[in-house]
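For what it's worth, the working numbering labels the leading residue of the sequence shown as 400, then goes sequentially. Cβ atoms here follow ideal geometry from the backbone N, Cα and C, with glycine treated the same way. Bear in mind that the values here come from a model prediction, so they are computed numbers and not experimental data. One structure is given here, and the rest of the page talks about it.
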Amino acid sequence: MLEKTMVFNYKAYDREGRVFFGVIQAGSREEARYALYQKNLIAEEIFPLEKSFKKGSVKVETIIAFTRLLATALSAHIPLDKALEIILDEFPAGNSVGNSFRQIIITLVNELKSGKSFSEALSLFDSVFKSFYIQMVRTGEKSGKLANALEYIHQYLQKQNDVKKKVQSALLYPGLVLFVAGLVLVFFVTVLIPRFEQTYAQFGRELPFPTLVLVRTSVIIKRYIFLILGSVMGIIFLLWRWIRTERGRKWWENLLLHIPVAGNIIKRHVALLFSKTFSLLLRSGVTLRDSLEISGDIVSYGIFRENIQKAVIALSDGKSFSDTLRDNPFIPPLLLQAAAMGEESGRTGELFSGLSDFYEKELDISIEKLTSMLTPVLILLVGVIVGIIILTLFLPILNLSEVVR
């Protein structure tokens, strides 16, 4: 019976300190290391070629840094494989992120040495380098301007990451305020109200009905606090699991899109991301159909992405670009107008580029509007709740003079 062999990527040194990259077949990692040793090579890193990388296993910040460094190196006329070898040292081993990305870079070097193009090598890691990234690199290879293409990618990824963080910050702010308010209420229920209850017990008189309800509620919550917290966490977990299903995802996305102000932020973020990606691909020489398909894949909202996929099919069936988008209820009117005007003028890429600038400004305005509106509303809401609790607690003390008599 033949022993099963695996293909390993490696980075190794010889006795003179020269670096070697390559692939080797062996039954195990130890056998591969020993085989390299017999060739007078000391393996520094060695891992299976078929190692997979899950979606999200490499942070976008890491990809941005890699792209920036590679664009800079190529602009300095350093050969691609040598540039990758130099960049490898910028991602030190010792942590899971560094180790994973080092393995990717080593694999890319070996694939280039075997005769593959850079875009073909990147395709091995399509869960890390998205279709937009690979298509832009392929375009740069064809035009002989790979450094320029990588610089465009870097600027694009950096911009989109900044916008994403801005949107997340705006949408997470209300949740943070409500969380802090929840902690304050827990303090009232578990600490402050029980102390007042002990004081009231010394009065020897019936409590006012609002105060009695508050005290009884506090007793119940304090007694069953772990059951209540467990139930809440269980409901959140079940909701999270359901949202991961097709039906649950559509319900959740529809809910978010219909929330006042927040829904507009999401819609404008999607429109910005789509128009920016689409215009960049189109102006780089990518076909209309491929630009539309890749731009749709970039968008994280499934409802929008599914409608773009339908538009791609309609475009392949012979429909005009503007007609394919017109049947999509999630496409803003401005995008439809830009598509129609682009068909007439032949300047679709430029129009969508200008549209992305417009949506970027609109997104900033929406975010400022959300934060400026929510801050006073949430503070007022928390203040009213805390004020009602305090007033209810002090109702018996208002009758303290009668108790003293």
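Give me the Cα-Cα distance between residue i and residue j, rounded to the nearest whole angstrom.
i, j, result
"F608", "A661", "40 Å"
"F407", "L584", "57 Å"
"G786", "G629", "28 Å"
"D480", "E652", "43 Å"
"I423", "L672", "42 Å"
"R414", "Q437", "12 Å"
"E489", "F500", "10 Å"
"Y412", "F524", "26 Å"
"S451", "T723", "Residue placement at S451 is flagged as unreliable, the pLDDT there being 47, under the threshold of 50; the coordinate-derived value follows with that caveat. Cα to Cα, the separation comes out at about 36 Å."
"G753", "V669", "15 Å"
"S568", "N560", "12 Å"
"L571", "L656", "15 Å"
"G514", "K666", "44 Å"
"L687", "G543", "21 Å"
"F578", "I658", "19 Å"
"A472", "A482", "6 Å"
"V595", "P775", "Looking at the sequence itself, residue 595 is Phe, so the reference to Val does not match. Between F595 and P775, the C-alpha separation is close to 30 Å."
"K410", "L435", "10 Å"
"V618", "S771", "38 Å"
"Y623", "L582", "17 Å"
"L792", "L769", "34 Å"
"L556", "V459", "8 Å"
"G741", "D756", "16 Å"
"I620", "I627", "8 Å"
"K760", "L440", "56 Å"
Any idea what DSSP makes of residue i, helix, strand or coil?
i, result
"Y436", "helix"
"E443", "strand"
"V536", "helix"
"F587", "helix"
"I658", "coil"
"F636", "helix"
"F608", "helix"
"A475", "coil"
"P795", "helix"
"Y623", "coil"
"K649", "helix"
Could you name the residues that DSSP lists as bridge partners for residue i?
i, result
"Q424", "V406"
"F419", "A411"
**Report entry** Secondary structure, alpha helix (DSSP H): runs of 4+ residues fully inside the region 663-714
**Finding:** Those alpha helix (DSSP H) runs which fall completely within the region 663-714 and span 4+ residues are 687-697.
Query raised in the report: Quick one: complete alpha helix (DSSP H) runs, 4+ long, within the region 702-790?
Result: If we require 4 residues or more, the alpha helix (DSSP H) runs fully inside the region 702-790 come out as 720-725 and 732-744.
Query raised in the report: Taking three-plus beta-carbon pairs below 8 Å as touching, is the region 526-537 in contact with the region 548-562?
Result: Touching, per the Cβ criterion.
Report task. Give, in chain order, every unbroken run of the beta strand (DSSP E) that is at least 3 residues long and sits entirely within the region 493-567. Result -> For the region 493-567, not a single whole beta strand (DSSP E) run of length 3 or above is found.
Query raised in the report: Can we say the region 731-740 touches the region 631-641, given the rule of at least three CB pairs closer than 8 Å?
Result: no
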